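One structure is given here, and the rest of the page talks about it.
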Amino acid sequence: MARDQAAAVLRMDPGYAHAPPKALFTFKTPTDIAQYVVGSDADIGGFSSAKLELDSQGHGRFFGDIRTEVRPQMQGKMRSGYAGFRNKMRPSLFGNVTDDLSLYKYLCLRVKAGGDPQTRNGYFVNIQTDGPIETDLWQHRLYLRGNGEWEDVLVPLHKFILTNSGEAVNSNMAMMSESIKSIGISLLGGNANIQGKFELGIDYIGATADVNDLPSTTPTKTEENTPPPTSQT
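Okay, so the sequence shown: first residue is 0 according to numbering that gives the first Met the number 0, each after it adds one.
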């Protein structure tokens, strides 16, 4: 009921062209890194591991080992093969601090894929909004060139899919882009049997209304023009 009521809210045309680029999160200092929480299936008895640290060049480094096996007593009781991070909740006197991206068309991330080649196709971007269902999560595949170079990846905000507990939700509800609580990245290897050492460099997460208006000059890739993979996690 709450989800259907939220879907009925009408929104005005945001007028993307009037919004300058917006930096949301950076990964350049120990203070920056302290803003994030990291987790993996090891938290519930799995064997994956994950860390988020600064590298020697002053960039974020998300790395670890993704494993799909589970302990015998947990067979059929848990999903394994995942690791991820997101920004911590930002409480204030008036509730959690949120970001308003209603004037933006793309989420942009400057990242660099490393680690075992098979792990580079399993990343997702996750957004949690201040919506009516606390466990709802908006998700989009993070397609990477995976050539060991920095790249700016643009993900259209309107193409994020609503999920809950790891499953897609059949709903016409639009993302509450004016009230975003957290943004993160996860590596999901369970369904696709992706295993191995993973590493993802990350410099910033931001938003833009124009593919030509970014905080760096690295050649860009827009998810709208990227074909879907043959397998999904």
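Each residue gets a CB set at the ideal place from its N, CA and C atoms; glycine is no exception.
On a predicted model such as this, the values are computed, not experimentally measured, just so you know.
State buried or exposed for Phe-84, treating a residue as buried only when at least 16 other CB atoms are found within 10 Å of its CB.
buried
Please list the segments of the beta strand (DSSP E) lying wholly inside the stretch 16-76, counting only runs of 3 or more residues, in order along the chain.
21-25, 35-39, 48-53 and 59-65
Which residue from Lys-180, Ala-82, Ser-181 and Phe-159 puts its Cα closest to that of Met-172?
Phe-159
Tell me where the beta strand (DSSP E) around Asn-125 begins and ends.
122-128
Which residue's Cα is closest to the Cα of Arg-60: Phe-26, Gln-74, Ser-91 and Asp-40?
Phe-26
Cutting at 7 Å between CB atoms, please list the residues of its own chain near Glu-23, excluding the five before and the five after it.
Position check: residue 23 holds Leu in this sequence, whereas Glu was assumed. Hits under 7 Å: Asp-98, Ile-182, Ile-204, Gly-205 and Ala-206.
Helix, strand or coil at Gln-138 [DSSP, three-state]
strand
Straight-line gap, Met-174 to Pro-155 (C-alpha atoms, nearest Å)
12 Å
Below 8 Å on the Cβ atoms is my contact criterion, and I expect Leu-199 with Val-110 to pass it. Report the Cβ-Cβ distance as a whole number of Å.
6 Å
I'd like to know whether the C-beta atoms of Arg-140 and Phe-123 end up nearer to each other than 8 Å.
yes
Using the three-state DSSP reduction, which class does Pro-131 fall into: helix, strand or coil?
coil
Could you give the C-beta distance for Gly-63 and Ser-79, rounded to a whole number, given that I count them as a contact under 8 Å?
About 14 Å; that fails the 8 Å criterion.
Proximity to Gln-34 [Cα-Cα], best of Gly-75, Leu-53 and Glu-166:
Leu-53
I need the straight-line Cα distance from Ala-208 to Trp-137, nearest angstrom please.
19 Å
Coil, strand or helix - Lys-158 by DSSP:
helix
Residues near Asp-115 by beta carbon distance below 6 Å, same chain, minus five either side
Gly-195 and Lys-196
How would you write the range of the beta strand (DSSP E) that Glu-198 sits in, first residue to last?
195-207
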